[in-house]
Structures are given as C-alpha cells and as structure tokens.
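Novice: Respectively, the protein sequence lines represent chains A and B.
Per numbering that gives the first Met the number 0, residue 0 is the first one in the first sequence, and the count goes up by one each step.
Per numbering that gives the first Met the number 0, residue 0 is the first one in the second sequence, and the count goes up by one each step.
The beta carbon of each residue, even a glycine, is placed where N, CA and C say it ideally should be.
Sharing a structure with you now.
2 protein chains.
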Amino acid sequence: MSFKVKSKIWIEVGGQEFLGEGKVRLLKAIEQTGSLSKGARSINMSYKKAWHLLDGVNRCAKKPVTTNSVGGKGGGGTALTPYGKSLIAAFDQMNLNCREFLDQQMKAIRNL
Amino acid sequence: MSFKVKSKIWIEVGGQEFLGEGKVRLLKAIEQTGSLSKGARSINMSYKKAWHLLDGVNRCAKKPVTTNSVGGKGGGGTALTPYGKSLIAAFDQMNLNCREFLDQQMKAIRNL
DNA sequence: TAGCGTTATGTCATATCAAACATAGCGAAT
DNA sequence: ATTCGCTATGTTTGATATGACATAACGCTA
C-alpha cells in the first residue's frame with residue numbers, strides 16, 4: 000500500500016517553539032540573501048510574518064542567532080551568527096535522521 | 000539548557016492524512032465507550048468534528064476500521080475492527096520509538 | 001405506536017489566524 | 001538635505017477553521 004509516514008519536529012524552550020521547519024527555512028533564506036526582507040521574499044513569505052518568526056527565535060535564544068543592522072549602506076541587513084548556522088545544521092541533521100528512522104520503522108510493519 | 004525536541008507523526012495515503020494523533024485519540028475513545036458520540040464527548044470533541052475525522056479514516060482505509068450501526072438497542076454504536084485496533088497499536092509503537100530516538104539524538108548534540 | 005440514543009448531515013454564526021496595507025525611523029551615499 | 005533599502009510595528013481586512021444549532025432516519029424497547 001502507499002502508506003507514507005510523515006513527521007514534523009521542532010525544538011521548544013520554556014514551552015514555546017524555539018525552532019521549527021518554517022524558521023529554519025527562513026534562516027537559510029536570510030543566510031543566502033543577507034537580509035530579512037529579501038529572504039522573506041525569496042520564499043514567498045510576508046515580511047511581517049518573517050519578522051515575527053525571527054523575533055521569536057531571538058527572544059528564546061540566549062545567544063544571538065542573527066545580527067541585525069538598520070540604515071546605512073544598502074539600508075541595513077541581517078546576517079546569521081556562527082551560533083545560528085550551527086543551529087540550523089543541527090536541526091537539519093536531526094530532521095534527516097528522524098525521517099530515515101521512520102522509514103525503517105515503516106518497513107518493519109508492512110503487515111498493515 | 001532546557002531544550003526539548005517535540006515531534007508529530009502521521010500517516011498519509013494518497014497525499015492526505017490517513018491517521019494522526021487526533022484520530023488515534025478518537026479511535027481509542029471509541030474503543031472505550033462503544034460509540035462515536037460518547038467517545039467524542041469523553042475527549043471534549045464535538046460530534047461533528049469527530050464524525051469528520053472518522054469519516055476521513057474510513058474513506059482512506061481499504062479495510063474498514065470501524066463498524067457503525069444505527070438504531071436498535073442503545074441507539075446503535077461504533078466499534079473498532081481488529082484492523083482498527085492493530086492500526087492504533089502500530090501508530091503508538093512508532094510514535095514511542097520516534098520520541099525515544101529523538102531524545103537520543105538530542106543527547107548527542109548537547110553542545111548547542 | 002411513541003420514545004430513546006445513536007449515526008449522519010446541513011446551515012449559520014463565530015473565533016482564530018494569516019495576509020494586505022500603512023507608516024515610522026535609521027544611517028550611509030549622493 | 002534628499003533619497004534609498006532596510007528594520008520595525010500597528011491596523012485593518014479577509015480567509016479559514018471551529019463550534020453551535022437543527023434535523024432526519026434508524027431500529028430496538030416498552
């Protein structure tokens with residue numbers, strides 16, 4: 000049968016979401032474009048929503064995930080800190096491992 | 000840090016959700032109460048919503064997950080088929096394994 | 001036959017969430 | 001001083017999901 004196991008993982012701190020798929024996608028887009036607004040546009044996300052997501056991340060984290068500058072050359076921008084980069088790497092790795100694990104699990108119960 | 004990895008898994012068939020956490024909770028409630036309406040009430044879910052969930056499950060499944068009778072002694076009722084019971088058992092097992100796996104994963108990256 | 005509790009649906013109001021629109025401030029460059 | 005692109009917010013509208021209410025049919029029981 001065409002059963003498919005899907006999964007979603009996220010990291011909570013203090014009961015609220017700290018990092019999830021949407022936020023990771025946004026962080027990657029920021030990394031590639033160098034700004035929050037460009038990053039948001041590149042993944043068809045409204046600036047407002049993107050700003051809220053990023054705000055949530057930086058609120059939960061004790062070490063800053065991005066550095067934001069306003070005004071100046073190019074109007075400013077947003078860049079990931081090394082900590083931020085390590086976060087998305089860890090998340091991706093864990094997500095990948097989880098999916099592989101679930102695929103194995105699914106194979107184990109083909110007798111549905 | 001008080002990081003916590005959370006996860007949600009569900010099973011899709013043909014692109015739409017076949018079984019998820021809410022549906023499993025409902026199926027369990029049905030199993031315990033012997034009826035859809037009682038089961039829904041017992042988990043504070045409206046009958047309408049419960050009916051839609053169950054309808055979705057039985058629509059996707061090729062083997063029936065529940066047997067529904069209307070009228071008669073007690074007004075009728077809903078019971079799980081053996082197939083239905085095996086489904087929720089499999090789902091629970093997979094969910095549990097997934098959570099254990101993620102906990103292990105989390106331990107492996109304490110250096111956040 | 002009248003009543004009861006259940007399955008099975010439809011309709012309509014509402015509440016929650018996301019998008020659209022609007023605006024302000026910043027700081028370098030011209 | 002003016003312009004430009006960006007960060008940073010508020011407000012207002014719109015969509016979408018949820019809940020409340022209503023109703024019909026069914027078959028046993030009394």
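1) When DSSP builds the beta bridges, which residues end up paired with GLY13 (chain A)?
2) Can you round the beta-carbon distance between THR66 (chain A) and ALA78 (chain A) to whole angstroms, since I take them to be within the 8 Å contact cut?
3) Mapping DSSP to helix, strand and coil, what is THR80 (chain B)?
4) By Cβ distance, which residues of its chain are closer than 7 Å to LEU18 (chain A), with the 5 residues on each side in sequence left out?
5) Is DSSP giving VAL69 (chain B) helix, strand or coil here?
6) Alpha carbon to alpha carbon, what distance is there between ALA28 (chain B) and GLY71 (chain B)?
7) Taking 8 Å as the CB-CB limit, is ASN96 (chain B) close to chain A?
8) Along chain B, in chain order, which residues have C-beta atoms closer than 9 Å to that of VAL12 (chain A)?
9) Taking Cβ positions, are LEU101 (chain B) and VAL4 (chain B) nearer each other than 8 Å?
10) Any C-beta of chain A sitting closer than 8 Å to the C-beta of GLN104 (chain B)?
Specialist: In short, the structure shows the following:
1) DSSP, once it has assigned bridges, lists no residue as partnering GLY13 (chain A).
2) 5 Å
3) coil
4) TRP9, ILE10, VAL56, LEU86, PHE90
5) strand
6) 21 Å
7) yes
8) MET0, SER1, PHE2, LYS3
9) In contact: LEU101 (chain B) and VAL4 (chain B) (Cβ atoms closer than 8 Å).
10) Residue contact with chain A for GLN104 (chain B): present (Cβ-Cβ distance below 8 Å to some residue of chain A).
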